[in-house]
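There are 2 protein chains.
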Amino acid sequence: MKLNSGEMAGETAEDTRAPAGFDQNLGWALGTLLRAYLKGIENVVAELPGGPRSYQVLSLADSGKCHNQAQMAEHLGIDRTAMTYLLDDLEALRLVSRQPDPVDRRSRRVTLTPKGRKLLNQLSEGVRQVEHHVLGALNAEQSEQVLRGLCQAANGLSHSKSPENPCQVVESLDLKD
Amino acid sequence: MKLNSGEMAGETAEDTRAPAGFDQNLGWALGTLLRAYLKGIENVVAELPGGPRSYQVLSLADSGKCHNQAQMAEHLGIDRTAMTYLLDDLEALRLVSRQPDPVDRRSRRVTLTPKGRKLLNQLSEGVRQVEHHVLGALNAEQSEQVLRGLCQAANGLSHSKSPENPCQVVESLDLKD
DNA sequence: ATGAGATGTTCTGAAAATCAGACCATCTAG
DNA sequence: CTAGATGGTCTGATTTTCAGAACATCTCAT
Chain A
1 MKLNSGEMAG
11 ETAEDTRAPA
21 GFDQNLGWAL
31 GTLLRAYLKG
41 IENVVAELPG
51 GPRSYQVLSL
61 ADSGKCHNQA
71 QMAEHLGIDR
81 TAMTYLLDDL
91 EALRLVSRQP
101 DPVDRRSRRV
111 TLTPKGRKLL
121 NQLSEGVRQV
131 EHHVLGALNA
141 EQSEQVLRGL
151 CQAANGLSHS
161 KSPENPCQVV
171 ESLDLKD
Chain B
1 MKLNSGEMAG
11 ETAEDTRAPA
21 GFDQNLGWAL
31 GTLLRAYLKG
41 IENVVAELPG
51 GPRSYQVLSL
61 ADSGKCHNQA
71 QMAEHLGIDR
81 TAMTYLLDDL
91 EALRLVSRQP
101 DPVDRRSRRV
111 TLTPKGRKLL
121 NQLSEGVRQV
131 EHHVLGALNA
141 EQSEQVLRGL
151 CQAANGLSHS
161 KSPENPCQVV
171 ESLDLKD
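Keeping their order, the protein sequence lines are chains A and B. Quick note: the first sequence, position 168, residue 168 per full-length UniProt numbering, numbers continuous. Quick note: the second sequence, position 86, residue 86 per full-length UniProt numbering, numbers continuous.
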């Protein structure tokens, strides 16, 4: 168990008011890390049409979390029309297969073909390296904590349908000079 | 009726999976969180042209970290041509001012006007709420740790010019069936 | 059953973001 | 002074994104 070594302030308590001067905001950190991640994945899946998204789709199909294209699209945050094209390409490469859901024939079940699974295995090592690179400034324990925290936060968001009310809009911005 | 067991229960049944090989994607978590963040900021800065990027630009200008547009663009991961348009808009609103750098007149120093600083202060509360919402599934201590970890990792990446060698490319992908 | 409305998927076309490259002004090095 | 590099801007083309229509299928009330 690692104690919080005093970084720059003694107050690591639950006070939400941060000094907030030095560290750039959460959005910048997320954006920077995601860009690095996507760039890395882009290399790993360079031969795949659709780039990093294809990897995400394959990975998601493998996980069996989603039962149709719409759910997959929502889960990955991409448009359903884009999902159609993406799956067209992946299916043309025999990496996934679309089968009408016997229970609801409007839906298409997306499953990984053996070839797709094999490819995913081939990619996994590269992906691991990318993740390691992205979090390279952190030690193993920190990486583990951060990764777990991120996944927990992300799962929390995706489970609770954000009711369009994350926070109030600042409406009086004095932009009219 | 879905067979899916309800995930909306108050206590998230954390299926503490085997940590080994756990590749519930870093990329997916980053993407999901960033999307939620951007959506929230979009609301907060709805009246600002350029959306969340404008906020990032204002925030960066305020921090005084970058001395010209190119550095700002690189830091924020946006194209320098886009930066031009963005600053055009912000300058038209008198939120920032561009002044030729006396030391190198090719460069433009981007500084926050008093009006810009006032606006930034108005926005800060909303931004804080968004950040809190994005990490809402985490308790205060976890949020603190994750935020610190993210910033540390992001700073590590942005400081070390990634020398185009994040990891080797997987070149034999057997896509030719 | 039957009809009305909702949902999953695909397609179309328009709006918007992205990106490469030309261009000018300015700096630095020789 | 010239040559090459760099910061900023503009232009034009490619790509992505997005809204909406179309079609098939499901659900539900009647």
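Beta carbons: idealized from backbone N, C-alpha and C, even for Gly. Since this is a predicted model, take the numbers as computed values, not measurements.
In chain order, what residues of the same chain have a beta carbon less than 7 Å from the beta carbon of residue i, not counting five sequence neighbours either side?
| i | result |
| --- | --- |
| A/Leu-62 | With the sequence shown as reference, residue 62 of chain A is identified as Asp, and Leu is not the correct amino acid for it. Within the same chain, A/Asp-62 has close Cβ partners Leu-112, Arg-117, Leu-120. |
| A/Arg-106 | none |
| B/Pro-52 | Leu-38, Ile-41, Glu-42, Val-45 |
| A/Leu-138 | Val-146 |
| B/Phe-22 | Because the pLDDT at B/Phe-22 is just 37, under 50, the model does not fix this residue reliably, and the value given afterwards should be weighed accordingly. The answer is none, since no qualifying residue turns up. |
| A/Leu-33 | Val-134 |
Going by Cα to Cα distance, which pick from the options is closest to residue i?
| i | options | result |
| --- | --- | --- |
| A/Ala-46 | A/Asn-155, A/Arg-80, A/Gly-126, A/Ser-107 | A/Gly-126 |
| B/Val-130 | B/Arg-35, B/Gly-27, B/Leu-86 | B/Arg-35 |
| B/Leu-76 | A/Asn-25, A/Pro-49, A/Arg-106 | A/Asn-25 |
| A/Ile-41 | A/Leu-150, A/Ser-158, A/Gln-122, A/Arg-108 | A/Gln-122 |
| B/Leu-38 | A/Pro-52, A/Ala-29, A/Val-103 | A/Ala-29 |
| A/Pro-102 | A/Val-96, A/Val-110, A/Asn-43 | A/Val-110 |
| A/Glu-91 | A/Ala-70, A/Lys-115, A/Gln-71, A/His-159 | A/Lys-115 |
| B/Pro-49 | B/Arg-94, B/His-133, B/Leu-150 | B/Arg-94 |
| A/Ser-54 | A/Leu-33, A/Gln-71, A/Thr-32, A/Asp-88 | A/Asp-88 |
| A/Asp-104 | A/Asn-68, A/Arg-128, A/Val-96, A/Leu-150 | A/Asn-68 |
Tell me residue i's beta-bridge partners as DSSP assigns them.
| i | result |
| --- | --- |
| B/Pro-102 | Per DSSP, none; premise fails for B/Pro-102. |
Run the proximity test for residue i: is its beta-carbon closer than 7 Å to any non-hydrogen atom belonging to the ligand MN?
| i | result |
| --- | --- |
| B/Ser-107 | Questions concerning the ligand MN fall outside what the structure shown contains, since it holds no ligand whatsoever. |
In this structure, does DSSP put residue i in helix, strand or coil?
| i | result |
| --- | --- |
| B/Val-96 | strand |
| B/His-159 | helix |
| B/Thr-111 | strand |
| B/Asp-62 | helix |
| B/Ala-153 | helix |
| A/Ala-137 | coil |
| A/Val-45 | coil |
| A/Gly-40 | helix |
| B/Gly-116 | helix |
| A/His-67 | coil |
| A/Asp-79 | coil |
| B/Gln-24 | coil |
| B/Gly-50 | coil |
Take residue i and list the residues in its own chain whose beta-carbon comes closer than 8 Å to its own, dropping the five residues that flank it on each side.
| i | result |
| --- | --- |
| B/Ala-73 | Asp-79, Arg-80, Ala-82, Met-83 |
| B/Ala-99 | For clarity, residue 99 of chain B is Gln in the given sequence; the question names Ala instead. Result list for B/Gln-99: Arg-108, Arg-109, Thr-111, in chain order. |
| A/Ala-153 | none |
| A/His-133 | Ala-36, Gly-40 |
Below 6 Å CB to CB, which residues in the same chain sit around residue i once its five sequence neighbours on both sides are set aside?
| i | result |
| --- | --- |
| A/Leu-147 | none |
| A/Leu-135 | Ser-143 |
| A/Ser-97 | Thr-111, Thr-113 |
message = What are the residues in the segment 53-70 of chain B lying within 9 Å of chain A by C-beta distance?
response = Tyr-55, Gln-56, Ser-59, Leu-60, Ser-63, Lys-65
Just by C-beta distance, which residues in the segment 120-132 of chain B are closer than 9 Å to chain A?
Gln-122, Leu-123, Ser-124, Glu-125, Gly-126, Val-127, Arg-128, Gln-129, Val-130, Glu-131, His-132
At a CB distance below 9 Å, what residues from the segment 85-104 of chain A approach chain B? Give them in sequence order. Leu-93, Arg-94, Leu-95
At a Cβ cut of 9 Å, what residues of the segment 72-86 of chain A count as close to chain B, listed as they run along the chain?
His-75, Leu-76, Gly-77
Review point. At a Cβ cut of 9 Å, what residues of the segment 28-46 of chain B count as close to chain A, listed as they run along the chain?
Key: Trp-28, Ala-29, Leu-30, Gly-31, Thr-32, Leu-33, Leu-34, Arg-35, Ala-36, Tyr-37, Leu-38, Lys-39, Gly-40, Ile-41, Asn-43, Val-44, Val-45, Ala-46
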